[in-house]
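Below: the structure, in structure tokens.
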Amino acid sequence: MAGAAQRRRISTRSTPLPLWSNPHTRELCFDVYFHLPGRSALGRLSVHRSQSLTCMRAALQRHFGVPFEHQQLFLHDEQLEGDDDLIDYGLQDKSVVIVRISPRFRRIGDVFSTIRTIRFPSPISRLEDFQIVEIPAKLPPLRIVLQRIFHAVSYLTLLDRKQEQRTHRRVWRTHVTFWDRETVSVPLTLDDKRPSSYGLQASSTDHVSSLLALAKVHGVQARLHRPTSHRSSGDLRNLKKWFASLKYFSDAQLPDSVFQELARTSTYLRVQSGDFVFRQGETGDCFYVLITGCVSLAAYSTGFFRTLTPGSCFGEISLIEPQGLRTATACATFCTTWTELAVVSGDLYRRAIKPYKQVVLRATEKAIASIPRLHALPPHIVTHLAYAAKSLTAREGRPIICRGEEISVLVVLIQGRVKPQRSSDKKGHSPRQRHSLHGMSSHWKLVSCSVSVKTR
Numbered sequence: 001m002a003g004a005a006q007r008r009r010i011s012t013r014s015t016p017l018p019l020w021s022n023p024h025t026r027e028l029c030f031d032v033y034f035h036l037p038g039r040s041a042l043g044r045l046s047v048h049r050s051q052s053l054t055c056m057r058a059a060l061q062r063h064f065g066v067p068f069e070h071q072q073l074f075l076h077d078e079q080l081e082g083d084d085d086l087i088d089y090g091l092q093d094k095s096v097v098i099v100r101i102s103p104r105f106r107r108i109g110d111v112f113s114t115i116r117t118i119r120f121p122s123p124i125s126r127l128e129d130f131q132i133v134e135i136p137a138k139l140p141p142l143r144i145v146l147q148r149i150f151h152a153v154s155y156l157t158l159l160d161r162k163q164e165q166r167t168h169r170r171v172w173r174t175h176v177t178f179w180d181r182e183t184v185s186v187p188l189t190l191d192d193k194r195p196s197s198y199g200l201q202a203s204s205t206d207h208v209s210s211l212l213a214l215a216k217v218h219g220v221q222a223r224l225h226r227p228t229s230h231r232s233s234g235d236l237r238n239l240k241k242w243f244a245s246l247k248y249f250s251d252a253q254l255p256d257s258v259f260q261e262l263a264r265t266s267t268y269l270r271v272q273s274g275d276f277v278f279r280q281g282e283t284g285d286c287f288y289v290l291i292t293g294c295v296s297l298a299a300y301s302t303g304f305f306r307t308l309t310p311g312s313c314f315g316e317i318s319l320i321e322p323q324g325l326r327t328a329t330a331c332a333t334f335c336t337t338w339t340e341l342a343v344v345s346g347d348l349y350r351r352a353i354k355p356y357k358q359v360v361l362r363a364t365e366k367a368i369a370s371i372p373r374l375h376a377l378p379p380h381i382v383t384h385l386a387y388a389a390k391s392l393t394a395r396e397g398r399p400i401i402c403r404g405e406e407i408s409v410l411v412v413l414i415q416g417r418v419k420p421q422r423s424s425d426k427k428g429h430s431p432r433q434r435h436s437l438h439g440m441s442s443h444w445k446l447v448s449c450s451v452s453v454k455t456r
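Under UniProt numbering, the residue at position 443 of the sequence shown is numbered 443, and the numbers go up by one with no gaps.
What follows is the structure, given as structure tokens:
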């Protein structure tokens, strides 16, 4: 420790300390100049050639107030890293070192990120008495988080487009590709030309595109933007038709009076990409219907994540649960410049919609909890899964899942019956068609999963 302390000795005096009385020792010391951010004059430190880079960085913090963990030092456009002797970096008398300040933050998804810094026992401690310690990294500001997410999404999208050129398939953002450029048409085989199963058709981009077209036909944005007292009978009629076309409301079998009140009292909200609709933990007092754009829902306590597309509804859990708090954060994604929403008041939802939708939500929770592998899930996780479920109804005899299809959803039967069916080998039937799961007047749900499942 004594030897290490000797190597850490640094002086900021313009003349050598009396300690260096030996001429040979004095020759081992030299001055280093620093170009500091926000300062016109160069800073100067007198250092010893055998001192380490960490010692010099500690002196920068002590004398110039530049935090150790934020320092980036450059000599001749090369960054100085490590903890070797100063002479090994090519530093000599009157060298000029560029100092850049680069704050370090916690990485996304890493709860235990730490960074190295230095501490002095007291303000009057000697310079060589510093200690290197590990401290928790701070959370990055919202601007940095959004930049990281945007770069990650852009990178994954670029990889997906390059893969598409080779495989003619999209993996990343398959549910929002209607905002991407049109893909090159590829000749399809007989197997690919046949209609896919109902489970995949219901989540296709064509379905989302039809919802966008429906909102445009009814002029939803312009009609919602008008004050509620100035809406004409034509406005109310078109808004009623649009609300009734959304599966969220049609599944609840709401009476006509509720649709009339939705059309009369709902308001318009436009959110810029990257902005929050609401944050987890806030008190919720309204319900949202997505008109255009995409919204990402994320719950930091449970790992829940879901991307909503036009026609989706969200925000009802805080209106159903007694706590009344938002259980996830909703943020407008970068799919479009603006995200447009229809806002339903919490009072109307609790009074007119909650009694119908609560029955559907509880039935879905019960079905999910009945799955053996999901018995151990906490109740709030089951609620999130039920909330993320998409309700679909299959007609009798319609294939739900066909053999050989790659799916990314879990099919949970809520009501009715299904059975596997293997049709006879007839001309024009592919092997993928001969073994499928058919519905028998069934009502079933889709719950999004993060894994890809292939039925066999």
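Cβ atoms here follow ideal geometry from the backbone N, Cα and C, with glycine treated the same way.
Alpha-carbon spacing of residue i relative to residue j, whole angstroms
| i | j | result |
| --- | --- | --- |
| residue 312 | residue 138 | 35 angstroms |
| residue 218 | residue 270 | 18 angstroms |
| residue 30 | residue 89 | 14 angstroms |
| residue 294 | residue 307 | 7 angstroms |
| residue 40 | residue 34 | 11 angstroms |
| residue 23 | residue 52 | In this prediction, residue 23 scores a pLDDT of 48, lower than 50, which makes its location untrustworthy; no coordinate-derived value is stated. |
| residue 342 | residue 221 | 8 angstroms |
| residue 368 | residue 359 | 14 angstroms |
| residue 127 | residue 133 | 16 angstroms |
| residue 247 | residue 226 | 25 angstroms |
| residue 36 | residue 62 | 14 angstroms |
| residue 64 | residue 123 | 14 angstroms |
| residue 77 | residue 97 | 9 angstroms |
| residue 285 | residue 405 | 41 angstroms |
| residue 68 | residue 152 | 29 angstroms |
| residue 272 | residue 418 | 44 angstroms |
| residue 83 | residue 378 | 49 angstroms |
| residue 202 | residue 416 | Legend: pLDDT at residue 202 = 48, less than 50; position of this residue unreliable, no value from coordinates given. |
| residue 66 | residue 54 | 13 angstroms |
| residue 397 | residue 414 | 17 angstroms |
| residue 163 | residue 121 | 56 angstroms |
| residue 375 | residue 366 | 11 angstroms |
| residue 402 | residue 216 | 34 angstroms |
| residue 209 | residue 336 | 14 angstroms |
| residue 142 | residue 81 | 29 angstroms |
Same chain only: Cβ atoms within 7 angstroms of residue i, ignoring 5 sequence neighbours per side
| i | result |
| --- | --- |
| residue 135 | 114, 115 and 117 |
| residue 146 | 274 |
| residue 93 | 30 and 31 |
| residue 140 | 105 and 106 |
| residue 354 | 319 and 320 |
Terminal residues of the alpha helix (DSSP H) in which residue i lies
| i | result |
| --- | --- |
| residue 319 | 317 to 320 |
| residue 248 | 247 to 252 |
| residue 361 | 354 to 369 |
| residue 62 | 53 to 64 |
| residue 265 | 256 to 265 |
| residue 224 | 220 to 225 |
Proximity of residue i and residue j at Cβ, strictly below 8 angstroms
| i | j | result |
| --- | --- | --- |
| residue 75 | residue 95 | yes |
| residue 288 | residue 314 | yes |
| residue 228 | residue 265 | yes |
| residue 325 | residue 282 | yes |
| residue 79 | residue 72 | yes |
| residue 85 | residue 57 | no |
| residue 277 | residue 330 | yes |
| residue 300 | residue 280 | yes |
heavy atom of the ligand COA below 7 angstroms from residue i C-beta
| i | result |
| --- | --- |
| residue 416 | Ligands in the displayed structure: none, and consequently the ligand COA is not present. |
For residue i, the first and last residue of its enclosing beta strand (DSSP E)
| i | result |
| --- | --- |
| residue 131 | 131 to 136 |
| residue 399 | 399 to 402 |
| residue 35 | 29 to 35 |
| residue 127 | First-last for residue 127: undefined, no H or E at that position. |
| residue 71 | 71 to 75 |
| residue 87 | No beta strand (DSSP E) holds residue 87; DSSP gives it neither H nor E. |
| residue 116 | 114 to 119 |
| residue 48 | 43 to 48 |
| residue 287 | 286 to 292 |
Proximal residues to residue i (C-beta, below 6 angstroms), its chain only, five neighbours per side dropped
| i | result |
| --- | --- |
| residue 239 | 223 and 263 |
| residue 333 | 294 and 296 |
| residue 305 | 298 |
Supposed contact pair residue j and residue i - C-beta distance, whole angstroms, cut 8 angstroms
| i | j | result |
| --- | --- | --- |
| residue 310 | residue 211 | 5 angstroms |
| residue 457 | residue 144 | Absent from the model: residue 457. The displayed extent of the chain is 1 to 456, so no value can be given. |
| residue 386 | residue 261 | Wrong, their Cβ atoms sit about 26 angstroms apart, outside the cutoff. |
| residue 59 | residue 45 | 5 angstroms |
| residue 316 | residue 349 | 7 angstroms |
| residue 119 | residue 130 | 7 angstroms |
Contacting residues, own chain, Cβ-Cβ under 8 angstroms from residue i (five flanking each side not counted)
| i | result |
| --- | --- |
| residue 268 | 221, 224, 225, 340, 341, 342 and 343 |
| residue 214 | 242 and 245 |
| residue 236 | 260, 263 and 264 |
Residue-level contact to chain D via CB, residue i, 8 angstroms cutoff
| i | result |
| --- | --- |
| residue 251 | Protein chains in the displayed structure number just one, and chain D is not present. |
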